[in-house]
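See structure below.
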Amino acid sequence: GENVEQHPSTLSVQEGDSAVIKCTYSDSASNYFPWYKQELGKRPQLIIDIRSNVGEKKDQRIAVTLNKTAKHFSLHITETQPEDSAVYFCAAIPTGGFKTIFGAGTRLFVKA
Amino acid sequence: NAGVTQTPKFQVLKTGQSMTLQCAQDMNHEYMSWYRQDPGMGLRLIHYSVGAGITDQGEVPNGYNVSRSTTEDFPLRLLSAAPSQTSVYFCASSMDRGLDTGELFFGEGSRLTVL
Chain G
298 GENVEQHPST LSVQEGDSAV IKCTYSDSAS NYFPWYKQEL GKRPQLIIDI
348 RSNVGEKKDQ RIAVTLNKTA KHFSLHITET QPEDSAVYFC AAIPTGGFKT
398 IFGAGTRLFV KA
Chain X
167 NAGVTQTPKF QVLKTGQSMT LQCAQDMNHE YMSWYRQDPG MGLRLIHYSV
217 GAGITDQGEV PNGYNVSRST TEDFPLRLLS AAPSQTSVYF CASSMDRGLD
267 TGELFFGEGS RLTVL
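Residue numbers (this note's numbering), protein chains in the order written: chain G, 298 to 409; chain X, 167 to 281.
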């Protein structure tokens, strides 16, 4: 089955700096890679996703990149703000599959 | 629409007790699932369902039962609670995966403590 590894587990940056979170997956059949943000005490919510036929996707200050050959994908947050402080989860879903498998999460702290 | 509704939000059980976490969605989603969230371990899939009458195991199914008699409801049952089941539980739903739409909509979570 799919296994998703996520690094780092904790990331602390200064406001205005960039943050990068990296994930690797094991199942080469995976074709959908979402990222979820979970604020303290809240439910996870989708912030961006990428499919296997796309190498990069941007949405304002966040972007995701995908390298299918190496089986890794990354989340990039530019110009970080205190409200970006949260736990971020990457995930993967195989083609035709129904299981969304999550990484262990990255706790991002943005210091003002 | 209320989205995904979970009850109860908090529950304390004694070892060996049973209980059911309720989950309901009003978005006509075919796919529903249960996750548990533990510190440092992310969200782990317990059970999932791709439609009424169909359920399957996830990554950590032991100690939990599910059923899906309607599209709207997907309850999670703990038959004999153990301290290792102390966790935050999230129910999530999604549109039919056959349409390749993958976004999960989560409930607010249920915090369970087993003493």
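All C-beta atoms in this analysis are idealised placements derived from N, C-alpha and C, irrespective of residue type, glycine included.
These numbers were taken from a predicted model, which means no experiment stands behind them.
Check                                                                                                                                : Outcome
Closer than 9 angstroms at the beta carbon, the chain G residues around X:L211                                                       : K396, T397, I398 and F399
Beta-carbon proximity list for G:Q311, same chain, < 7 angstroms, skipping 5 on both sides                                           : K408
Among X:T279, X:Y214 and X:G169, nearest to X:S250 - alpha-carbon criterion                                                          : X:T279
Chain-ordered neighbours of G:L343 on chain X, where CB pairs are closer than 8 angstroms                                            : E269 and L270
For G:F399 and G:K339, the rounded distance between their alpha carbons                                                              : 17 angstroms
Minimum C-alpha distance to X:G219 - residue among X:G268, X:P241 and X:Q203                                                         : X:P241
Pair within 9 angstroms by beta-carbon distance, X:D204 and X:H213                                                                   : no
Chain G residues whose Cβ lies nearer than 7 angstroms to that of X:Y197                                                             : F395
Integer Cβ distance of X:S260 from X:L270, believed to fall under 8 angstroms                                                        : 5 angstroms
Residues, ordered as in the chain, of the segment 211-233 of chain X that lie near chain G by beta-carbon distance below 8 angstroms : L211, Y214, V216, D222, G224 and E225
Listed by chain order, chain G residues near X:E274 by CB distance under 7 angstroms                                                 : R340
In DSSP terms, what G:I344 is bridged to                                                                                             : Looking at the DSSP assignment, G:I344 forms no beta bridge with any residue, so it has no partner.
Buried/exposed call for X:V178, threshold 16 Cβ in 10 Å                                                                              : exposed
Coil, strand or helix - X:P249 by DSSP                                                                                               : helix
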